[in-house]
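Asker: Going by my numbering, the sequence shown opens with residue 20, and the numbers climb by one from there.
Glycine included, every Cβ here is placed at the ideal spot set by N, Cα and C.
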Amino acid sequence: MASVEPDNVDVSMDDEDVATLLGENLVNTILEGGSLDSVKKLLEDGAPVWYQNEAEGTSPLHAAAYVRNPQLVKLLIEKGAVWNAVDYLKFTAGDIALSFNDSEAYVLIRDAGIRAELLLGILSSQDKNKNQLASTASSLVLKQDDDTAAGSTDAFLSSKLTYTTDKYGQKVCMVKVRSEEGVEEDVGVMMGWEEGIMTETVRRFAEDHPGAENLTILNVGFGLGIIDTLFQSLAHPPAQHVIIEPHPDVLQHMRETGWYDKPNVTILEGKWQDFVANQKLLSFGGFDIVYTDTFSEDYSALKSFFEELPDILSGPHARHCTCVYYQDWHRTRRPKPATEAGLLPAVCQAVSANGLDNAQGGGGAGGARSSTPNFSSPRNTLSSSTGTVVAIGESSNFNPPPPSQVVANAMTTSTGLAFDEEAKLVYGVVLSLRNMIKKISGRDEQFTSYRTSAYRMHLFETASGYKFVMLTDPKTEGMRAQLKRIYEGPFLEFVVRNPLVKMDSREQGVDNDNFRAALDRLVRGLPVFL
């Protein structure tokens, strides 16, 4: 029987298979810390920069964000990487860079988005002249039309909205949107966690405003009514408060909650474009404050709105704002320096050592207890009654309390298991043991828990390197599933998806009111919580 030499074997691969292999190799090379030259070589060999793997939808740009390599991010963008491609968890590379507090990589990705949007805006404006485009055919705009409620105003206005409370206890307004796979998903039109940021926004709007006692205010998009309620709660309620809202379900909700009966409140039923066209907005004589946070409108609509602002605002003292949660690409000004334990202004209330005194009954009339959690250790750590821990950065104004005071606080404020100094030491020992075993045996040993006679420590580590630790009674079974819930729930919802939260796990930790509250609720709901 004749043997077949390897050179005679016909192995054929189509272009798609080749692209998949090259793309997979590119992603893996980046994740494994490959050099810039090795990545350049793969790109020169034809590795597709747009590739996303089947396992997680990770693109080369996602991978570069994971390994925190701004040079790779810059290279991939220059080679045509899709700046806003999302993985299977719906995160962009910018989201990942932001979750690592990698501002350099994030700015590169954001600026790529700015350039893309500006270019598309120019090309789209040319497309409006159909005759010119047909005659010259000098440019072609490829744009995917989103006809769902999330991308089409007409589809949104004909969709049913639901006002409810989510699993975290926050009020939400939801709409069903059909995904690319044909599955209907609930998408938030407005979420309760936005209230903290809106509270700070209203404060800054009204602070030192020369017309504070007689404000005229315009809000475009009612949603849950958070911003409008805050405007009405000012020390001097607006002299004129105009709300533009086109959705029939929202208008019905406004009727049911009494907004049509409030004094000095005018509700314009329709889209803002309608009232610009018929000059209805001009009849109010100009607004001191303008706020807009619409749903399902694209950036071209936002640009059009800003073009109308000079006619809508009352004068040079007037102030305006737009929601920036999903629109950070157009905000190119550098943020203000971090303040109070490294937290960005308007994100959440910074916790200071003063909270210690207040919580012991010394703050406020009658010795009322503050809702601010106590410091439980001289390492500037917060401990809630659930044993949930949030560490913040060292503050120059923080003077550690004496050890006796620390012990007293830990005993009086924590009904759950405190994350004390011993637990921190054990955590460090576990990580050291894991690294030692890996070096000695060559095995990638994964510790998931560590038990002593006093407690059991549970560890869950994400692919991106974040570590979640929980302390329980020593007899408690494994808690990996619950820790994963914390990661997939409160952490992703209130930290990763909130671009205004400054967070660095290695230096300052997370101090986010909504994250802490959601985490507290989740822990209290566990069967093992006492």
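1. Can the beta-carbon of residue 265 be found less than 8 Å from the beta-carbon of residue 289?
2. If residue 192 sits next to residue 243, beta carbons under 8 Å apart, how far is it from one beta carbon to the other, in whole angstroms?
3. For residue 59, does the three-state DSSP call read helix, strand or coil?
4. Looking at residue 262 and residue 280, is the spacing between their C-beta atoms short of 8 Å?
5. By DSSP's criteria, residue 468 is part of a beta bridge. Which residues make up the other side?
6. Taking just the CA atoms, how far does residue 190 sit from residue 488?
7. Taking the C-alpha atoms as reference points, what is the distance between residue 194 and residue 171?
8. Where in the region 314 to 343 do unbroken runs of the alpha helix (DSSP H), each at least 4 residues long, occur, reported from the N-terminal end onward?
9. Suppose only complete runs of 3+ residues qualify. What are the beta strand (DSSP E) ranges in the region 237 to 317, listed by chain order?
10. For residue 86, name the three-state secondary structure that DSSP assigns.
11. Exposed or buried, which one is residue 52 when buried takes at least 16 other CB atoms within 10 Å?
12. Count the CB pairs spanning the region 70 to 83 and the region 46 to 62 that are closer than 8 Å, and state whether there are at least three.
13. Taking the continuous alpha helix (DSSP H) assigned at residue 219, which residues delimit it?
14. Candidates 308, 41, 239: which alpha carbon is nearest residue 287's?
15. Who are residue 184's beta bridge partners in DSSP?
16. Contact check, residue 334 vs residue 304 under 8 Å by CB: the rounded distance?
17. Mind checking who residue 487 pairs with in its DSSP beta bridge?
18. With H, G and I counted as helix, E and B as strand and the rest as coil, what does DSSP make of residue 114?
19. Just how far apart, CA to CA, sit residue 101 and residue 175?
20. Locate the alpha helix (DSSP H) running through residue 173, then write down its first and last residues.
21. Just mark residue 310 as buried or exposed, buried being the case when its beta carbon has 16 or more other beta carbons within 10 Å.
Answerer: The short version:
1. Between residue 265 and residue 289, the CB-CB gap stays under 8 Å.
2. Between residue 192 and residue 243 the beta-carbon gap is near 5 Å, inside 8 Å, which marks them as a contact.
3. Here residue 59 sits in helix by DSSP.
4. Taking the C-beta atoms as reference points, residue 262 is found no nearer than 8 Å to residue 280.
5. Residue 468 is bridged to 477.
6. A straight-line Cα-Cα distance of about 29 Å links residue 488 and residue 190.
7. Roughly 13 Å between the two C-alpha positions.
8. Whole alpha helix (DSSP H) segments, 4+ residues: 318 to 331.
9. Given a length threshold of 3 residues, each whole run of the beta strand (DSSP E) inside the region 237 to 317 is given here in chain order: 259 to 264, 284 to 288, 308 to 311.
10. In the structure shown, residue 86 sits in coil (DSSP, three-state: anything other than H, G, I, E or B).
11. Exposed.
12. Here the region 70 to 83 makes contact with the region 46 to 62; the two share three or more CB pairs at distances below 8 Å.
13. For residue 219, the enclosing alpha helix (DSSP H) starts and ends at 214 to 225.
14. Minimum Cα distance to residue 287 is reached at 239.
15. DSSP, once it has assigned bridges, lists 190 as partnering residue 184.
16. Rounded to the nearest angstrom, the Cβ distance from residue 334 to residue 304 is 11 Å, too far for a contact under 8 Å.
17. Per DSSP, 479.
18. Helix at residue 114.
19. A direct Cα-to-Cα measurement between residue 101 and residue 175 gives close to 27 Å.
20. Residue 173 -> alpha helix (DSSP H) spans 172 to 176.
21. With at least 16 other beta carbons inside 10 angstroms of its own, residue 310 counts as buried.
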